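Numbering (this note's numbering), first residue to last: 4 to 584.
Pasting the structure below:
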């Protein structure tokens with residue numbers, strides 16, 4: 004008698020191999036058979052007509068605060084995630100001296116758009132060191148597994164105090180202290196170390212992230228210590244304006260340490276070809292034997308504009324500010340009033356020089372109606388600009404009418420990154436590059452303007468089934484990227500593949516019925532904080548360590564998740580042959 008038997012599904016084992024029709028048997032926390040299972044199960048799941056995959060691994064989330072109060076880490080677990088890694092982009096909450104708590108909250112609120120009031124209410128701060136933070140997470144109830152990375156910004160502030168946000172260079176002694184703290188975190192079970200070198204990352208007061216100008220001596224000093232410890236992965240984001248020089252410094256971290264590095268890859272309209280140069284440099288590094296990957300998303304990084312989100316194209320209009328923050332019904336009533344609308348359309352707001360807000364409010368060629376079933380690859384002729392030209396209307400009128408649909412709850416999709424060419428053709432090049440991995444969902448972050456935790460569902464539906472504006476991608480290859488390949492990226496080799504002896508993290512998915520819905524706002528964070536969530540149909544069951552944790556994307560109450568402490572070896576005796584990418 005097995006604990007669970009999944010019957011008759013089409014099994015994609017996570018290696019990239021072609022699928023087979025098979026049963027999957029689970030005893031305790033372990034897969035014990037894949038094939039024809041004759042014994043019965045205490046629980047049987049009928050997977051006929053459905054696909055069976057390893058649980059999905061999200062290597063790029065920002066649930067660093069939420070993980071201490073929310074066992075379910077929604078919305079990621081609506082989309083088959085069974086392992087989530089946080090502490091990315093150099094931001095997080097440990098190590099932290101008591102007097103630095105408010106500053107770290109403000110940094111996370113600014114960089115990742117997580118309501119500071121929710122973080123302040125939800126976080127209990129029963130830690131100072133990173134090891135203490137890991138203990139606090141481990142003691143929290145969890146429905147899925149989580150892995151933690153130690154963030155550079157917190158380490159830098161812990162060592163340098165006010166000199167860190169002032170962007171001062173670290174002394175040799177301070178670098179040595181930081182390196183020691185990072186190694187202590189790795190010894191305690193941190194999966195890696197992350198940092199940020201982008202001007203996009205600012206705290207709630209507009210100050211740059213404290214790691215922005217960290218010098219080579221500091222970064223290489225930390226990397227050297229990681230190399231001596233023989234532990235941990237590296238993760239970072241950078242602007243790469245001086246592409247080759249910046250990459251050479253970051254490549255040096257890998258040359259010195261031998262540790263794997265993953266780098267955010269996105270196309271920025273301001274420098275639309277930098278991503279390709281970075282990928283070229285990554286490929287050259289791999290030819291030299293250096294383990295560097297680009298972390299890429301499966302769609303554009305999409306800003307959601309609307310009356311319910313944190314941003315819309317009228318926020319700089321003084322007329323709109325008269326009703327901003329009022330109940331939605333009151334805003335809708337005012338925006339349907341002809342006199343109010345005329346005043347709103349006639350106004351020319353003053354935008355701050357050099358800020359992205361003007362583009363987000365006026366780049367009508369990059370604004371699209373999202374709809375209740377979102378299209379993440381809209382054609383240029385569907386844009387607000389094209390609709391206005393076709394109808395002879397003011398683009399602002401087109402935008403406002405879009406926003407007022409669904410009683411003011413409709414959203415406008417603004418593909419900020421990765422949509423310079425008006426399609427996902429460049430994203431396809433990123434996804435299929437031999438030296439990239441799937442990431443950048445930012446689950447738990449950008450609560451009021453972005454909802455990309457649904458990336459796994461986009462990979463399966465858009466790229467594996469529905470795409471019409473270009474080629475699709477093989478489903479077995481996509482699933483490999485979400486599972487076995489991401490397990491290798493962060494060196495947790497006990498999961499990501501369906502084989503006897505492996506950890507029993509499994510998804511049963513009605514692939515034909517898999518459907519993604521439009522994001523919507525809920526006010527369920529601590530202190531009534533709001534966030535965007537996005538549901539999907541089709542996730543029949545998600546199993547975490549041998550327990551059904553989610554049915555239809557909804558929690559069952561099973562709390563079989565745990566903190567992943569450090570690299571996880573392939574279980575003894577397991578032999579896995581991974582198909583070539």
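A virtual CB, placed ideally from N, CA and C, is assigned to each residue, including glycine.
Predicted model only: the values in this text are computed from it and were never measured.
Residue range of the alpha helix (DSSP H) that includes residue i
i: residue 341; result: 341 to 349
i: residue 133; result: 133 to 142
i: residue 336; result: 331 to 338
i: residue 161; result: 155 to 163
i: residue 389; result: 387 to 394
i: residue 534; result: Careful: residue 534 lies outside any alpha helix (DSSP H), inside the beta strand (DSSP E) at 534 to 536.
i: residue 247; result: 246 to 260
i: residue 117; result: Residue 117 -> no alpha helix (DSSP H), and no H or E assigned at all.
i: residue 175; result: 175 to 191
i: residue 5; result: That residue, residue 5, is in no alpha helix (DSSP H); its beta strand (DSSP E) goes 5 to 14.
i: residue 460; result: 458 to 461
When the options are compared against residue i, the one with the closest alpha-carbon
i: residue 453; options: 308, 318 and 460; result: 308
i: residue 267; options: 212, 112 and 243; result: 243
i: residue 204; options: 5, 195, 177 and 114; result: 114
i: residue 352; options: 323, 59 and 24; result: 323
i: residue 282; options: 215, 292 and 299; result: 299
i: residue 577; options: 46, 35 and 141; result: 35
i: residue 165; options: 511, 129 and 211; result: 211
i: residue 17; options: 40, 505 and 118; result: 505
i: residue 199; options: 61, 557, 111 and 377; result: 111
8 angstroms Cβ cutoff, residue i in contact with chain D
i: residue 518; result: The structure shown contains no chain D; it holds only a single protein chain.
Residue i classed as buried or exposed, judged by whether at least 16 other C-beta atoms fall within 10 angstroms
i: residue 162; result: buried
i: residue 570; result: buried
i: residue 94; result: buried
i: residue 4; result: exposed
i: residue 393; result: exposed
i: residue 14; result: buried
i: residue 129; result: exposed
i: residue 413; result: buried
i: residue 464; result: buried
Spatial distance of residue i from residue j (CA atoms)
i: residue 583; j: residue 74; result: Because residue 583 carries a pLDDT of 49, less than 50, the predicted location of this residue cannot be relied on, and the following value inherits that uncertainty. So the two alpha carbons sit approximately 36 angstroms from each other.
i: residue 513; j: residue 372; result: 27 angstroms
i: residue 369; j: residue 439; result: 26 angstroms
i: residue 303; j: residue 421; result: 5 angstroms
i: residue 106; j: residue 170; result: 15 angstroms
i: residue 390; j: residue 406; result: 14 angstroms
i: residue 133; j: residue 187; result: 8 angstroms
i: residue 554; j: residue 540; result: 10 angstroms
i: residue 176; j: residue 461; result: 47 angstroms
i: residue 2; j: residue 297; result: Because the chain here runs from 4 to 584, residue 2 falls outside it and cannot be looked at.
i: residue 79; j: residue 342; result: 43 angstroms
i: residue 81; j: residue 455; result: 12 angstroms
i: residue 85; j: residue 150; result: 11 angstroms
i: residue 411; j: residue 331; result: 7 angstroms
i: residue 277; j: residue 235; result: 28 angstroms
i: residue 523; j: residue 312; result: 9 angstroms
i: residue 45; j: residue 33; result: 15 angstroms
i: residue 88; j: residue 348; result: 45 angstroms
i: residue 76; j: residue 61; result: 12 angstroms
Cβ pair residue i, residue j closer than 8 angstroms
i: residue 573; j: residue 579; result: yes
i: residue 26; j: residue 9; result: yes
i: residue 143; j: residue 71; result: yes
i: residue 549; j: residue 6; result: yes
i: residue 197; j: residue 92; result: yes
i: residue 508; j: residue 58; result: yes
i: residue 224; j: residue 152; result: no
i: residue 447; j: residue 535; result: no
i: residue 533; j: residue 526; result: yes
i: residue 275; j: residue 213; result: no
i: residue 116; j: residue 449; result: yes
i: residue 551; j: residue 559; result: yes
i: residue 124; j: residue 502; result: no
i: residue 388; j: residue 354; result: no
i: residue 441; j: residue 489; result: yes
i: residue 202; j: residue 185; result: no
Extent of the continuous beta strand (DSSP E) run through residue i
i: residue 305; result: 304 to 308
i: residue 238; result: 236 to 241
i: residue 420; result: 415 to 420
i: residue 30; result: 23 to 30
i: residue 493; result: Note, residue 493: premise wrong, no beta strand (DSSP E); not H, not E.
Cβ-heavy atom distance, residue i to the ligand FMN, below 7 angstroms
i: residue 534; result: Absent from the structure shown: the ligand FMN. Ligands present: none.
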